Structure formats: C-alpha cells, structure tokens
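For the sequence shown, this note's numbering gives the first residue as 1360, with consecutive numbering after it. One structure below.
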Amino acid sequence: MNEKSSIKISFIYLLLSALWILVTDNIVRIMFPDPSLITAVQTVKGFFFIIISAVLIYFLIHREVKKLLSVQKELLDSSDRLSIALTGARVGSWDLSINRNSLLISDYLPETLRNGDKFINMPASDLMALVHSDDKYSLLRKLKLVSLNRLPVLSVECRLKLGPGKYIWIDIHGEVIAWNSSIPARLYGVFRDISVRKELFDNLQRRNRYIESIVENLPIGLAVNFIDSGKVEYMNKKFYEIYGWPKEMLQDVEKFFELVYPDEDYRKLIKETVMNDIASRDPERMHWEGVKTTSQDGTRKIINAKNIPIFDQNLMASLVEDVTVKTELENKLRQSQKMEAIGTLAGGIAHDFNNILTAIMGFAEILQRKIKDNHGDDYEVNEIVIASKRAADLVAQILTFSRMKEREKLPINLNSLIKEAIKLIRASIPAIIEIQINLTVDNAVIMGDPTQIHQVLLNLCTNAAYAMKQKGGVLKIGLSENLNGVYELTVEDSGGGIPVEYIDRIFEPYFTTKAAGEGTGMGLSMVHGIVKNHQGEITVKSMKDIGTVFTVSFPVYQKNPEISSLEKKTDFQKGSETILLLDDEAAISRFISLFLSQIGYRVHSMNDPHTAIEKINAGGEDYQLIITDQNMPGMTGLEFAEKVYSTSKNIPIILMSGQEVNEIARNVKTPNIKMFLQKPLNITTLSSAVRDCINNSE
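The structure is reproduced here in structure tokens:
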C-alpha cells in the first residue's frame, strides 16, 4: 500500500469521525434531554463508532491491499515474462548502485559467476577484476563518459574471464536510471554472450584478409565499379600497374578512357565496342582481346580484358591481363615458323636452281674454253659466265637465308671486326650522321664466318644510315655480354622508325619499303639467315619518330672442330681413267660427261641408281671413280654409296649436291665417299676434285 492510499484512508476516517461527532451529539441532546442519560448514551455511541470505523477501515484497507496484490501480480508476471524473454534471447540484466558499489546480475550468468541463485549481488570491483586487461580501459572510459552525461547510453564489448586463460566476449548496454543531484546513482542495462558471433566475425575477418591478400597479389588486374555511374568501388594493385597509371587517376571511367587510349579514333572504337557489349547484357560479349593501351610513361601494352556483370547489385567486375610479352613471343614464334617455312621453300628452289646453273655454267665454260682455243671473240659467253656466277651468288645467299648453306667458320674477334667495319661505314655514310661506339667487352670471340658477320654489320648500319639520310642523326653501335653468356651486338638509329604494320615482315625475302632501285629486299633476310646460321638471334624494337634498335645475339666461343674446304686450283687436271657418272638431271650429266671427256677421261653416264648398281655388280668395267648426285628418285647418293661398298667394291666416290654438302657429310657411314662437291660446279673445281680423288685413292 503506497503513501497515497494511506492519506486517502486517513482522510476518510477523519471525515467520518467529524460527521459522526457532529451528527450524533445533536441527536443525543434532542432525544435525551436528561443529563444523567447522556453519559451512558455517549459511551454506547463511542463503542458503536469504534465498531463501525473498524469495519469501514477494514474494507478500505482490504480494497487497497487487493489492488496492491493485483499490481504486484502483474509486476511479477511482467518480471517473469521479461526473464523468459531475456533468457530466450540469451541476454542477462545488470543493476549497478554506484553509492553502495553493489552490482546485481540476473540469472543469465557466466559459469564462473553462477551459484545456484537467480540473481547474484556482488561488489562491482570484483566483476571488474574479471575483465580482460586489454578491455578495462575502454569499459572504464565509457562508464565515465556516461556518468558525466557525455554519452546517453553505455555500449561496449569486452572479454570476461571464465578460468585460467579462458575468456568469453560479452556485449554490454545500459543507461543511468537514477541520479543523486547531478551525479548518477544507479545504472541499469543488459548484457549478452557474443563469443560465437565474435568468433564468426574474427573468422570472417581472417577470411576477408586472406581473400584480400590473394586478390591484391593476383597476377591479373581486378577492379569493381558501379554500372550506372562507372565509379570504381575497388581496384587491386595489379590493375593500375598493368595500365601504368596512378590509382587515383583511374577512378572515373571517362578519365580512364582518355588516359589509357590517347588516340581519339582508337578510343572511340574501343569505347563504343565496350559500351555496346555491356548494354547487350550478354556476358559472352564482354571479353576483349588484343586491346592496345598506353601507360603514363608512353609504354605501349597489349591487354586482354573480361567483364563479369552483377546486375542485381549494379556492379561490374573487370579482369585484365597484360599479354604484351606473350603476344610478342607468339609473334616471334609465328615469324620464326614463317621464316622457317620460307627458308625451306627457298632451300628447295635453290637446290633445283643449282642444278640448272650447273648445266648453264658448265656448258658456258666449255664454250668459253673452246672459243679461246680457236682465238675467237668470247665476249658474249663471258657475259653468260659472269651472269651465271652472279646467279650462283644469289643462290648462295638464298641458301644462307634458309640456313642450308654453311661456310667455313673460325674463331673471330667481334671487337676487331667492328672496328674494321666502322672505317668502311664512316666513309660511306653522310657526314650529318654521327657514329657513337660503345664496346664494353674487350675480347668478344665467337665462332663464325668473318665475311658474313662483316656483312651483317654493314647491312644493319647501311639501313640505319638510310633511315637518317634526310635529317641526319646518331648511329650507335654497341657490344656487350649479358648474364646468359651471350654477346649482344646492337645497331641503333634515331630515324623515323619502322611502321608497326611492317615490323613482322622486315626479314622476309624481297620485302622492302625503299623506292625502286634503292634496294632489293634481300638485305635483312640475308642478315636473318646469317645470324641463325651462327646459332644466334636477331630482334628489333622501333618507335615512331624515335628510332630503331636491332639487337644481334651470338653465343660465346667455345672450341669447335674446324671445317675443311677444298683448295681451288686454277688449271685443269687431266686424266684417262674410267669414271661412272650418276645424275638424274640429263643436262648436268651431259655437261660433266662432255667436259671430262674433253680432258681425257672415259665417262659412262647413267640417270638411274638401280641400273648403276646392276652395272657395277655385273663387272666388265673397272671404274676408277664414281661421281653421283645426292638427290635422285628411289635412292639417295649416300644409300647408293653404301650399296656399292657392300659389294666389296671400294671405288672412290665424289658426292654432289645442290644442298649444303657439309650437312650431308655428317651422315656419311661408308669410307668410300672421298669428297663432296657443292653445286653449281665450275670446270676448274671439277677437274681438280676428280684428279685429287683418283690420286689419293691409288
């Protein structure tokens, strides 16, 4: 029963008492005028008043108590419902009395605090002793801010000790509910165990850090932007490294296109393509290969890009890969394959042409010899011989290009060769071109043909000078050794550069950008063939209006066996021996037969190797020498030589070929092949070879 109810009952009792006295006293005086009776009546009246007032007070108090019990029951029901709700939500309550340093905690308690009671009352300092040392400062600071009315509510997370080295995370919320003047006297709030949530959150953070670490270190670039605005939401390091621009400069899509694609026409093409493909909402269309970009320092790159739309979140994930090196390697591979195919074709053509030239040169030299013997005018036939030799030189160049022609190689010093070549180059290029030399290797020795290496350097320098003939410039010649033990010869010019569309074709035979009469187009193809023939590599880099750099790599010299060659003689070596000639080319057979017959030999000519074997096995002729071609239908010259040797016929054999004879010589298995002759033949070389071979076999 509260104070209000007590006052109410007291007031009613006072009012009834006053009315009772006034009313009953007047009635008694009227009804009992005898004074002797008044005292008795007053006594009865008093007892009667006591009984009536007691009954009245009982009913008044009973009614108030009934109301109080009803309210108390509602409070208990509310308390039970609150307790059930808090327990169901796994939330506990706390009540802190600051003045008494008393903390009342509800039944949802950590195990270490439970004592079988629904509530536990403990000093606040005892509970504070259980808080993890790393969390105490935060908890105390926020309590102070709440007590100073600088924070409306208390909200903090901290760890509570359960046992040795074991803690749980709790989330505490509360506010001041009673004040003593301006000082908080009582705080009330709730708490809950968030250990599971905290563990899940920590695991999620670790996973996010793990994923972020992976994404940041991906070998491809990743960016996420909003589809409608184009604003970048996320960008990993590799993304802006690939494009070669600072991260902050790539945040806006319009600015991105302006920076990365400086060429207006190309930018318009790329932008329209990308926007149309995105607008199609077809993920299959959102993949672009071979896109050319420009970095802040002017570096050109080639990238592949793929967009992954997330339409329900208005997001677009962009993946980019720098394929510049890969594309260059693929282009080099294609170029190498193309050059190899061209080389194979050129080698085949050169072989056939050598056969034709052998007949032309042979008959021309025979005719020239006959005219001289008759003291006639041999001008016309001389021109034929000269033209034939020029054709033979061209075929030799083609064979060099195709890597089928190998000349004599010996150790040569690149330093000396470069210095010698520079003297010739300086005298042959305009004075407006400056030559700069940078030789960082003192004794760069390689195994090679000095004439061919000289030709490589002259050709590259001539091309460089041609690129600067109008405005002049600087011709730089350098020599260095890289970490892989390879000498690098560089020839650099400051000319206008090679157009991008021509880069892949400059080593093709007969391809030239020079005007008619200024070049044949065989120069760089010859260089390519010579370099490959020396187990080297040649690369080119060129930029418009900046210049071109050719880099030729040669392996460092290691001792290799020397290649011998036939010593040429100028006079005819005559004889009378019997020779078997085997060649499927009728013109070559006629030329060799005619010439050898003219200088005294007996020649039996055949064009089928099987028939020749039968003829040898049948006997009847004692051949002192066999001359055979390598490439014949049904049997090669090597196979023919083996069959001859297997019949115990150790007849010396000269093997001829329009292909590289040194390559053929490596596959020789029989000792009866004594010499190799490279087509086209001249009669002096042929006569010397025949005579030397017969003499050395006797």
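Each residue gets a CB set at the ideal place from its N, CA and C atoms; glycine is no exception. Since the model is a prediction, treat every value here as computed from it, not as a measurement.
Next on the checklist: Counting only C-beta atoms, is Gly1837 closer than 8 Å to chain C at any point?
Outcome noted: The chain labelled as chain C is not found in the depicted structure, where only one protein chain is given.
Item to check | Where the alpha helix (DSSP H) containing Gln1811 begins and where it ends | outcome: Segment 1809 to 1826, the alpha helix (DSSP H) holding Gln1811.
Checklist entry - If you draw a straight line from the alpha carbon of Ile1805 to that of Val1650, how long is it in whole angstroms? => result The C-alpha of Val1650 is placed about 41 Å away from the C-alpha of Ile1805.
Checklist entry - How many Å lie between Met1645 and Thr1810 at the Cα? => result Using only the alpha carbons, I get a separation of about 55 Å.
Next on the checklist: Quick check on Asp1852: buried or exposed, where buried means 16 or more other Cβ atoms within 10 Å of its Cβ?
Outcome noted: Sixteen is the threshold: when 16 or more other Cβ atoms of the shown chains lie within 10 Å of the Cβ of Asp1852, as they do, the residue is buried.
Item to check | Complete beta strand (DSSP E) runs within the segment 1545 to 1617 (minimum length 3 residues, chain order) | outcome: If we require 3 residues or more, the beta strand (DSSP E) runs fully inside the segment 1545 to 1617 come out as 1580 to 1585, 1591 to 1594.
Next on the checklist: Can you tell me whether Asn2009 is helix, strand or coil according to DSSP?
Outcome noted: The answer is coil: DSSP assigns Asn2009 none of H, G, I, E or B.
Next on the checklist: Can you tell me which residues form a DSSP beta bridge with Arg1961?
Outcome noted: According to DSSP, residue pairing for Arg1961 in a beta bridge involves Thr1937.
Next on the checklist: Please report the distance separating the alpha-carbon of Ile1857 from that of Cys1820.
Outcome noted: When the Cα atoms are used, Ile1857 and Cys1820 turn out to be separated by approximately 15 Å.
Item to check | Close beta carbons around Thr1658, own chain, < 8 Å, minus the five adjacent residues each side | outcome: Close CB contacts of Thr1658 within its chain, under the 8 Å cut and outside five residues either way in sequence, are with Gly1603 (chain order).
Item to check | Beta-carbon proximity check, Ser1912 vs Tyr2004, cutoff 8 Å | outcome: Not closer than 8 Å, so no.
Item to check | Closest Cα partner of Lys1748 within the set Glu1433, Ala1723, Asn1733 | outcome: It is Ala1723.
Checklist entry - Short check: CB of Ser1412 to CB of Arg1545, under 8 Å? => result Not in contact: Ser1412 and Arg1545 (Cβ atoms no closer than 8 Å).
Next on the checklist: Buried or exposed for Asp1308, going by 16 or more other Cβ atoms inside 10 Å?
Outcome noted: Missing from the structure shown is residue 1308; the chain here goes from 1360 to 2057 and no further.
Item to check | Ile2053 beta carbon less than 8 Å from that of Met2034 | outcome: Ile2053 sits away from Met2034, with the two beta carbons spaced by 8 Å or more.
Checklist entry - Are the beta-carbon atoms belonging to Phe1931 and Ser2046 less than 8 Å from one another? => result For Phe1931 and Ser2046, yes; Cβs fall inside 8 Å.
Item to check | Validate contact between the segment 1483 to 1494 and the segment 1510 to 1527 using beta carbons, cut 8 Å, 3 pairs | outcome: The segment 1483 to 1494 vs the segment 1510 to 1527: in contact.
Checklist entry - What is the DSSP secondary structure of Gln2018, counted as helix, strand or coil? => result For Gln2018, the three-state secondary structure derived from DSSP is coil.
Checklist entry - Quick one: any contact between the segment 2022 to 2031 and the segment 1971 to 1979, if contact means 3 or more CB pairs under 8 Å? => result No: fewer than three Cβ pairs fall under 8 Å.
Checklist entry - What did DSSP end up calling Asp1711 once you bin it into helix, strand or coil? => result Looking at Asp1711 - three-state DSSP - the assignment turns out to be helix.
Checklist entry - Nearest-angstrom Cα distance between Glu1631 and Asp1622? => result If you draw a straight line from the Cα of Glu1631 to the Cα of Asp1622, it comes to about 14 Å.
Item to check | Sequence-distant residues of the same chain with beta carbon closer than 6 Å to Leu2059, five excluded per side | outcome: Only positions 1360 to 2057 of the chain appear in this structure, which leaves residue 2059 out of reach.
Next on the checklist: Quick check: what's the CA-CA separation for Lys1830 versus Pro1789?
Outcome noted: Rounded to the nearest angstrom, the two C-alpha atoms are 10 Å apart.
Item to check | Own chain partners of Val1815 with C-beta closer than 6 Å, once the 5 adjacent residues on each side are dropped | outcome: Excluding positions up to five away in sequence, the list reads Val1886, Ile1889.
Next on the checklist: Using 8 Å as the threshold, is the C-beta distance between Met1827 and Gly1844 below it?
Outcome noted: Going by C-beta atoms, Met1827 is not nearer than 8 Å to Gly1844.
Checklist entry - What's the C-alpha gap between Ile1661 and Asn1673? => result Their Cα atoms are separated by approximately 28 Å.
Item to check | Sequence-distant residues of its chain with Cβ nearer than 6 Å to Val1915 (five each side left out) | outcome: Counting only Cβ-Cβ distances below 6 Å, and skipping sequence neighbours, we find Gly1844.
Item to check | Top-ranked residue by Cα proximity to Ala1537, from Ile1371, Val1515, Asn1508, Asn1562 | outcome: Considering only Ile1371, Val1515, Asn1508, Asn1562, the residue with the shortest C-alpha distance to Ala1537 is Asn1508.
Checklist entry - Where are the alpha helix (DSSP H) runs, 4 residues long or more, that stay fully inside the segment 1764 to 1808, in chain order? => result Listed in chain order, they are 1773 to 1787.
Checklist entry - Which runs of the alpha helix (DSSP H) fall wholly inside the segment 1477 to 1534 and span at least 4 residues, in chain order? => result You should have 1483 to 1488, 1492 to 1506.
Next on the checklist: In this structure, how does DSSP classify Asn1690 when only helix, strand and coil are distinguished?
Outcome noted: Helix.
Item to check | Closest by C-alpha distance to Gly2071, when choosing among Leu1486, Lys1891, Ser1654, Ile1947 | outcome: Outside the displayed span of the chain (1360 to 2057) sits residue 2071, for which this structure offers no information.
Item to check | Of the listed residues Phe1670, Leu1628, Arg1785, nearest to Phe1585 (C-alpha basis) | outcome: The option with the nearest alpha carbon to Phe1585 is Phe1670.
Next on the checklist: Using C-beta distances below 6 Å, list every residue in its chain close to Leu1666, excluding the 5 sequence neighbours before and after it, in chain order.
Outcome noted: According to the sequence as given, residue 1666 is Asn; it is not Leu. These residues qualify, in order along the chain: Met1645, Met1675, Ser1677.
Checklist entry - So who's on the other strand from His1646, going by DSSP bridges? => result In the DSSP assignment, His1646 forms a beta bridge with Lys1665.
Next on the checklist: Can you look up Lys1425 in the DSSP assignment and give me helix, strand or coil?
Outcome noted: DSSP places Lys1425 in helix when its eight states are reduced to three.
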